[in-house]
Amino acid sequence: AAKGTWCPACGVAALAPGIQRDALLALAKQSILAKLHMPARPNIPQPPSRGTLLTALRRMRAQRSDTAAFPGMLQDGHIPHLHPGMGLQEYEILSFAESGSSTSRRVHLHFRFSRELAGSTKILQATLYLFWAAPSPQPVTIRLLQPDPVGLNMTVASETRLEVRKSGWTTLDVGAAVQSLFRQEIPRLTVELEVPEDWESPFPSDHSDSHWPFVVAQAQARTPHHVHRR
Amino acid sequence: GVDCGGDSRMCCRQEFFVDFKEIGWEDWIIQPEGYHMNYCAGLCPLHMAGIPGLAASFHTAVLNRIKAASAAAAVDSCCVPTQRRPLSLLYYDRDSNIVKTDIPDMIVDSCGCT
């Protein structure tokens, strides 16, 4: 409505321009946070380095031919739309490993997912990307661990034995493990990598930017449950 | 649809850009740099009812005149979005994961009268 008159549709005095702008900015913040299921804007402890991020994107592009959202994102400043799955909001999540306890034969990696996201989405697929620095072929065991329902101990959700033939990236489907995590109080995936006695560790000791393990997950908003009362 | 001008009073789309740097969100939203939070504003007198945007054809203009002259109770209709599109966001969540999502129906492209 014009300044100083009554808004014909809502019967409220028109706001002065400055107050109206502040009200609209507050509305924009509230609207975006609500749609991202966030109580408040996140404080970013330590974003991944640009080198780590770009390596992960190149690796993903090399791995997937479809127009995945991430690989295109930093290329030309354009964010390609995700595949519209039945109109439900979709997410693509890139989670970099946090180092856990490690020995010469065993390495632990942790991947955290936000509770808000875990509580409002279901996992469509999730892939673990690992880099090996193995000069010669050798056996490796990969265990996916998750907290038991009480949260005191870790249980093995799955175990995979594979033969690392040469240095380079390898991928592992962790969709089922991440999906079951999304129903837990603390959605955190722990990956244990182990080599047999007397074998040299194939894990890059430096864990430089260009070899940092990561998980890429596709998720979709859960349809709200309809409760039918008889 | 019609974009609001300086003194538009009829139903139109008001552009409003939220610059994420201006609200201190540029550290956690990687892309885009802002959000076009456009909204619909203005009057929808009876004879405009049911016409998305302003009358663009002679036929519609005549129809409007008939409606305006009609003795029906003059109940205004509402100025609402008639076309919207998603807001694509790339952001850090609180665990420093990078998340990409398209939030549906966040950007108003055009307005019209119900």
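Chains as they are written, first to last, in our numbering: chain P, 1 to 230; chain F, 1001 to 1114. Where is the CB? At the ideal position from N, CA and C, for every residue including glycine. Every value quoted in this text rests on a predicted model; they were computed, and no experiment measured them.
For a cutoff of 8 Å on Cβ pairs, would you count residue i as touching chain P?
i: T1082 of chain F; result: no
i: N1038 of chain F; result: no
i: R1013 of chain F; result: no
i: S1126 of chain F; result: Here chain F has residues from 1001 to 1114 only, and residue 1126 of chain F is not among them.
i: I1066 of chain F; result: no
i: V1099 of chain F; result: yes
i: I1023 of chain F; result: yes
i: D1003 of chain F; result: no
i: M1010 of chain F; result: no
i: I1107 of chain F; result: no
i: A1055 of chain F; result: Because the pLDDT of A1055 of chain F is 48, which lies under 50, any placement of that residue in the model is unreliable, and the number read from its coordinates should be weighed accordingly. Judged by the 8 Å Cβ criterion, A1055 of chain F is not in contact with chain P.
Locate the beta strand (DSSP E) running through residue i, then write down its first and last residues.
i: E90 of chain P; result: 90-96
i: W176 of chain P; result: In the sequence under discussion, the amino acid at residue 176 of chain P is Ala, which differs from the Trp named in the question. First-last for A176 of chain P: 175-181, but that is the alpha helix (DSSP H), not the beta strand (DSSP E).
i: S1110 of chain F; result: 1098-1113
i: D1019 of chain F; result: 1017-1019
i: A157 of chain P; result: 154-164
i: Q1031 of chain F; result: 1029-1031
i: H40 of chain P; result: One point to set straight first is that residue 40 of chain P is Ala, not His, in the sequence displayed. It is not in any beta strand (DSSP E) - A40 of chain P carries neither H nor E in the DSSP assignment.
i: C1079 of chain F; result: 1079-1092
I believe residue i touches residue j by the beta-carbon criterion, under 8 Å. Please report the beta-carbon distance rounded to the nearest angstrom.
i: V191 of chain P; j: L128 of chain P; result: 7 Å
i: R106 of chain P; j: E194 of chain P; result: 5 Å
i: S136 of chain P; j: A157 of chain P; result: The pair is not a contact, with the Cβ atoms about 30 Å apart (cut-off 8 Å).
i: P213 of chain P; j: F113 of chain P; result: That pair is no contact at about 15 Å.
i: V1108 of chain F; j: I93 of chain P; result: 28 Å between Cβ atoms; not a contact.
i: V1080 of chain F; j: C1040 of chain F; result: 6 Å
i: L172 of chain P; j: T155 of chain P; result: Contact flag wrong, Cβ pair sits at about 18 Å.
i: R1085 of chain F; j: N43 of chain P; result: Not a contact, Cβ separation roughly 30 Å.
i: I123 of chain P; j: F182 of chain P; result: 6 Å
i: A126 of chain P; j: G175 of chain P; result: 4 Å
i: T55 of chain P; j: S210 of chain P; result: 5 Å
Using the DSSP secondary-structure output, state which residues sit across from residue i in a beta bridge.
i: Q63 of chain P; result: In DSSP, Q63 of chain P forms no bridge with anything.
i: A126 of chain P; result: P:A217
i: F111 of chain P; result: P:L189
i: G168 of chain P; result: P:W132
i: Q146 of chain P; result: P:T155
i: R106 of chain P; result: P:E194
i: G1034 of chain F; result: F:D1019
i: C1040 of chain F; result: F:R1013
i: Q138 of chain P; result: P:V164
i: T121 of chain P; result: P:A221
i: S99 of chain P; result: P:L109
i: D1003 of chain F; result: F:R1013
Is there a Cβ from chain F that is less than 8 Å from the Cβ of residue i?
i: L94 of chain P; result: yes
i: I123 of chain P; result: no
i: A126 of chain P; result: no
i: I19 of chain P; result: no
i: Q75 of chain P; result: Residue placement at Q75 of chain P is poorly supported in this model, since its pLDDT is 44, which falls under 50; the coordinates still yield a value, given next. Chain F, which has no Cβ nearer than 8 Å to the Cβ of Q75 of chain P, makes this no.
i: Y91 of chain P; result: yes
i: I32 of chain P; result: yes
i: T52 of chain P; result: no
i: S114 of chain P; result: yes
i: D66 of chain P; result: Any reading at D66 of chain P must be qualified, since the residue scores a pLDDT of 45, below 50, and its modelled position is unreliable; the value itself is stated next. For D66 of chain P, the answer is no, since every Cβ of chain F falls outside 8 Å of its Cβ.
i: A177 of chain P; result: no
i: A97 of chain P; result: no
i: P48 of chain P; result: yes
i: I44 of chain P; result: yes
i: A16 of chain P; result: no
i: L117 of chain P; result: yes
i: L25 of chain P; result: yes
i: K166 of chain P; result: no
i: A133 of chain P; result: no
i: S210 of chain P; result: no
i: A62 of chain P; result: no
i: A28 of chain P; result: yes
If you follow the alpha helix (DSSP H) that residue i is in, where does it begin and where does it stop?
i: L27 of chain P; result: 17-35
Using a cut-off of 8 Å between C-beta atoms, extract the partners of residue i located in chain C.
i: R41 of chain P; result: In summary, chain C is missing from the structure at hand, where the protein chains are P and F.
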